[in-house]
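Residue numbers (the working numbering), protein chains in the order written: chain A, 100 to 425; chain B, 1431 to 1581; chain C, 62 to 724.
Worksheet: the structure to be examined is printed underneath.
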Amino acid sequence: MKDVEMKMLERAKALLGSGEVARVIGWKKGEFYFDPVPASFESVEELSDFVYNGFCGANLSKYLIQMSKKEGKTAIFLKPCDSYSFNQLVKEHRIVRENIHVIAIECQGKLDIEKIKAQGVSAVTEVEEDGDTVKVSSLYGETTLNKEDILLVKCATCKSKTHQAKDEEIVLHEMPESKNNRFDEVEKLEAMTETERFAFWKLQLQKCIRCNACRNVCPACSCIKCVFDNPASGIAAKANDSEFEEKLFHIIRAFHVAGRCTDCGECSRVCPQNIPLHLLNRKFIKDIDGLYGEYQAGETAEGKTPLTSYTEGDKEPNDVVDGEAK
Amino acid sequence: MQEVTTEKKEFVPNIVAFCCNWCSYAGADLAGSSRLSYPANVKIIRVPCSCRVNPSFILKAYQQGADGVILCGCHPGDCHYVTGNYYARRRMSLLFSFLNYMGIEKERTRVEWVSAAEGQRFSAVMNDFVKTVTALGENRKLTDLRVKEGE
Amino acid sequence: MQRIGVFICWCGSNIAATVDVERVAEIMKSEPGVVYSANYQYMCSENGQQLIKQAIKEHNLTGIVVGACSPRMHEATFRKAAEAAGLNPYMVEIANIREHCSWIHKDMEEATEKAVVLVRTAIAKVKLNAPLTAGESPVVKRALVIGGGIAGIQAALDIADAGFEVDIVEKNATIGGRMAQLDKTFPTLDCSACILTPKMVDCAQHEKIDILSYSEIEDVKGFVGNFSVTIRKKARYVDETKCTGCKICMEKCPSKKGLNTFNMGLNTRPAIHIPFAQAIPNVAVIDPEQCIKLKTGKCGICQKFCGVGAIDYEQKDTFIERQYGAIVVATGFKPISLESFNEYGYDDNKDVITSLELERLMNAAGPTNGVLLRPSDGEHPKVITFIQCVGSRDTSGCGKPYCSKVCCMYTAKHAMLIREKYPDTEVHVFYIDVRTPGKNYDEFFRRAVEQYGVDYIKGMVGKVYNENGKLMVQGSNLIDNEQVTIESDLVVLAAAIEPEPSVRKIATLLTASIDTNNFLTESHAKLRPVESPTAGVYLAGMCQGPKDIPETVSQASACAAKVIGLLVKDKLKTNPCVATPDEMMCNGCSQCANVCAYGAITYIDKEFRLGGGKTEVRRVASVNPAVCQGCGACTVTCPSGAMDLKGFSSKQIMSEVEAICKK
């Protein structure tokens, strides 16, 4: 990964140095090795903080909504999964494609520091990825961990290693596709009884503190003003007043991004309460695939979404259960 | 369901019916003028088209204490607005499946296509829906308990 | 401060017999916001309305609720009454306590309780009503007809006869369309040209009609009453105002090997040509693909011989922009391509032809001067086999799932005409079903069988192949339950018809909806069959669905009636219950426009103040109130809730939900 980082830095320097772009969106060093943060670099000097490592899980595409409005061209580093969100934003006219220079970058799956901690390793100072294993260095020494065990949830069930948008590419090693089926967990829930499912979600959503992190990170949830902040909507609310509102917020949120959610998994990654929010969105994706044909949001930057199209022979709502008509 | 015991007053569900102005609302009118009865606990809200019904309206109804919500529109292909009910159909299919996924009784929410000529059918649909919801019992999973206690 | 008035109607005993109307009115007196509540025997009566008007004035009411029959019955009545008393008509809500209450419930207690809830619900809504005013938009008194076939011609003539200006835009060099190619027409067998060409001449001579031939629609803006259309006049390299149609150029042109498309490619024509003798306008056109001068710069013979100097090799496409109040789409049809029907050997055998080709072969003005000769060797065919439903009613995916409607009749016509003219010819017809509903149609078909001895075979054809110069037609005879092979000299395929492909682009420009088969969709299949859901756009002829000439003409005249009905108005009143976006919340994401069946939503770049002297330009939705029909599809699609519907706002509906649900 070090070589990829070097190459990225080199390109960022060249682009900024030549004035070809006014800024580069990437990651910069955080307080620790494992918490790089998204950043916009506007000069070669600022790039001294530039970083790209196994913890750069953040999807940067959403930053373009603001950044691409600024003067001059914006370069951005996009991992394969981020490129879907990028296309979706272009499709929805939230960003202007011509103002952006997309650098498609290599991704071998990003790591979850919480999972590493759970393996008994703390104070991580560096990681070195090597195929299926990861060498983790910490203040207390070195450990080799199974990569599968420490991947971010979204990376463990990575949907694709193919960039859907790019102006140039920095991919130095092969990127093997994930063997895991991203709908396995949804299917597990579907197989439960109604009472079990209710109990599961009640338990999960009770944890919600309505911090809006999921909403703020989501590239699909990028409304100028959220419906929950819109007094004309009839559902405006700042906090969860009740058990019902815990559900309402997440049902409406998932519904609003249905057909638009690219399954980037950021919602679950940022949730401080570890609610598996991606399982809500994936349910819609799975149902849409089953009812209206395979559809992957963000695969292209054009066309209608499943909820803004129809066929005369669509299934009847009363008959629909889990993506098929019973 | 277990809450409703024989000692207590018989459970009468509260049902909200969204009806499109052009077909189903007219169908309900026809049921009326044909004196085809259905329970008084069904109350109709007139909307221009089934596609006007936002999932949040349905959820709001449950929050406020509805036990069942039914959405009625023109038959697919006959929409006054040409394609409105096609969009409504997709939205509701996904919403229903999703509510089921969250463990909420699927049968509480229903979509029926009723034309302006189907007074008989309107009444039959409502009778049947009331029966279904009565059997399901009070909506507890999606009620805002706070609102009730505050009363 | 809201001042709501409530009026509960008895409707004689219709409501009062099951609902305690006095009690309902009494309860409403203590509802928050209600300052007046009354009950009366017949609210819709003159006296009832007077009561309402008086109360509005006396109590300074800001909104009223009438608990009465269905709003579908008397909403308009009560709105008018309110307006007469100086209250905005949209500040009226109806609680339907008759059809939805008294008429369906027997128990007085139960019905009264429900009536109370229904009236409360209406109160909750009316409190959130806003005064609305119907808008007005002007009407440009000129119509555009796209397509100059019989549908377009008929519509144009009818509209023009009513005194309105009409432009016909025809993509070909002449008007006339498919009908001009036909030989005879069923069921009367009169000659197609004889009945069509006089109408073409009428168009040309009509002072209100302007024919823009060799022209296409480039862009459409605007909406009902006010369309702005850009028309591309393609370069024909001949000055229309000078050409006299003398045809000397056609004689002299050295490049004579172009396929004559008017004759379905059965013979050739010069690069400069007039499509057919009765063409309107009777003006030559140069095919740039075939013209030596335009391709190589050398030649110029036509220019040399043209006595009036009409030839202009430098001519370029020109664009004109015109305003119209209404648009008729009459783009017609074409037979489907037979590429995916190898079994009939159309591509391999010259003597396997389509029915439209047969029309030309039988036409006195056609390539054989009306003598039926087979294309391969010019011999008279002795055995002719017709195959019906080639690509029609085809669910295999190769053809079209629908019935092309006209094939049964024209095949009977062809069979009959051949037997009449060449009695020694044997004629067979393979069919799935013979469909001949229509005045004098079945009689016509029976004449073919009974009087002319045409051999109808119920069954499908599996294969047509050439054996020693004979076309072997192998099919099944389902009635006798046997396989048959007919040795034929000519095979005629009744190819399915499909909408002229250019209609797709036109539909997109007009935001007119189109179905999976590319037929334009009508606003209502039964009750508004000639109107597109896009207001101000009307549909005539095959572009809307398969139909024959009389049906096409009827539909065209119906379109004309609709257009005239629109154009006689000086202004259009628009429905005020339309969608409106809150620009501050709009993301400009285009989802709303994607579900709008009417094309009412466009996007504009708008500057917003950000504070601190900064501004930001954002793409936001803009709804044209003259086009929006108020269905609300967009409101639910909008993720931020920026789009709302006047008269049925989210807050209004939510408040109704609350009023009903609160126990």
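Glycine included, each C-beta is placed from N, C-alpha and C at the ideal position.
Fair warning: this is a prediction, and the values are worked out from it, not measured in the lab.
- Of all residues in the region 1530-1553 of chain B, those with a C-beta nearer than 9 Å to a C-beta of chain A are Asn1530, Tyr1531, Met1532, Gly1533, Ile1534, Glu1535, Lys1536, Glu1537, Thr1539, Arg1540, Val1541, Glu1542, Trp1543, reading in chain order.
- Residue pairing by DSSP puts A/Trp126 in a beta bridge opposite A/Pro137, A/Val150.
- In terms of beta-carbon proximity, A/Arg193 lines the interface with chain C, with at least one pair separated by less than 8 Å.
- When C/Glu543, C/Tyr385, C/Gly427 are compared, the shortest CA-CA separation from C/Gly283 is found for C/Tyr385.
- Burial state of A/Met105 is exposed, judged by a 10 Å Cβ sphere holding fewer than 16 other Cβ atoms.
- For C/Asp378, there is no enclosing beta strand (DSSP E), as DSSP gives it neither H nor E.
- The beta carbons of C/Ala217 and C/Val201 sit no closer together than 8 Å.
- C/Glu160 belongs to the set of residues whose beta carbon lies under 8 Å from a beta carbon in chain B.
- For A/Asp102, the closest C-alpha among the options A/Arg122, A/Glu144, A/Gly153, A/Ser142 is that of A/Gly153.
- Here the region 148-157 of chain C lies against the region 175-189 of chain C, with 3 or more beta-carbon pairs under 8 Å apart.
- Residue pairing by DSSP places C/Leu706 opposite C/Ala640 in a beta bridge.
- Ranked by Cα distance from C/Ser710, the first of C/Thr676, C/Leu193, C/Ile518 is C/Leu193.
- For A/Ile175, the three-state secondary structure derived from DSSP is strand.
- Using a Cβ-Cβ cut-off of 8 Å, A/Ser167 does not count as an interface residue toward chain C, since no Cβ of chain C sits closer than that to its own.
- Cβ atoms of C/Ala143 and C/Thr635 stay farther apart than 8 Å, at about 20 Å.
- Within chain C, the C-beta atoms nearer than 7 Å to that of A/Lys403 come from Asn655, in chain order.
- Contact with chain A is absent for C/Lys186, since none of that chain's Cβ atoms lies less than 8 Å from the residue's Cβ.
- DSSP, reduced to helix, strand and coil, places A/Cys317 outside both helices and strands of the structure shown, so it counts as coil.
- Taking a cut-off of 8 Å on C-beta distances, the region 436-455 of chain C touches the region 399-416 of chain C, as three or more cross pairs fall below it.
- If you compare the alpha carbons of A/Lys258, A/Ile212, A/Cys307, A/Ala319 with that of A/Lys190, the shortest gap goes to A/Ala319.
- Around the CB of C/Leu250, fewer than 16 other CB atoms lie within 10 Å, so the residue is classed as exposed.
- Listed in chain order, the alpha helix (DSSP H) elements of length 4 or more contained wholly in the region 271-353 of chain C are 309-313.
- Identification of chain C residues near A/Asn329 by a Cβ-Cβ cut-off of 7 Å yields Met646, Ser701, Gly702, ordered along the chain.
- Taking the Cα of B/Leu1529 as reference, the smallest distance to any Cα among A/Ala424, A/Ile350, A/Asp362 is reached at A/Ile350.
- In this structure, A/Gly125 is the residue among A/Lys301, A/Glu130, A/Gly364, A/Gly125 with its C-alpha nearest to the C-alpha of A/Leu177.
- Listed along chain C are Pro700, each with a C-beta nearer than 7 Å to that of A/His355.
- With a beta-carbon spacing of about 14 Å, B/Pro1506 and B/Trp1452 fall beyond the 8 Å limit used to define contacts.
- Proximity of A/Gly397 to chain B, defined by a Cβ-Cβ separation below 8 Å, is not satisfied.
- Each residue's CA atom was taken as its position, placing B/Asn1444 and C/Lys675 some 52 Å apart.
- Distance from the CA of C/Asp263 to the CA of C/Thr235, rounded to the nearest whole angstrom, comes to 14 Å.
- The Cβ atoms of C/Ala601 and C/Ala172 do not sit closer than 8 Å to each other.
- Scanning its chain for C-beta atoms nearer than 7 Å, with the 5 sequence neighbours on each side dropped, one finds around C/Tyr471 the residues Phe247, Ser416, in chain order.
- In the DSSP assignment, C/Asn157 falls within the unbroken beta strand (DSSP E) covering 153-157.
- With its beta carbon at least 8 Å from every one in chain B, C/Gln110 lies outside the interface.
- Chain-order list of chain A residues neighbouring C/Met715: Ser332, Gly333, Ile334, by C-beta distance under 9 Å.
- Residues are counted here when their Cβ sits less than 7 Å from a Cβ of chain A; for the region 1482-1512 of chain B these are Pro1485, Ser1486, Leu1489, Lys1490, Gln1493, Pro1506, Gly1507, given in chain order.
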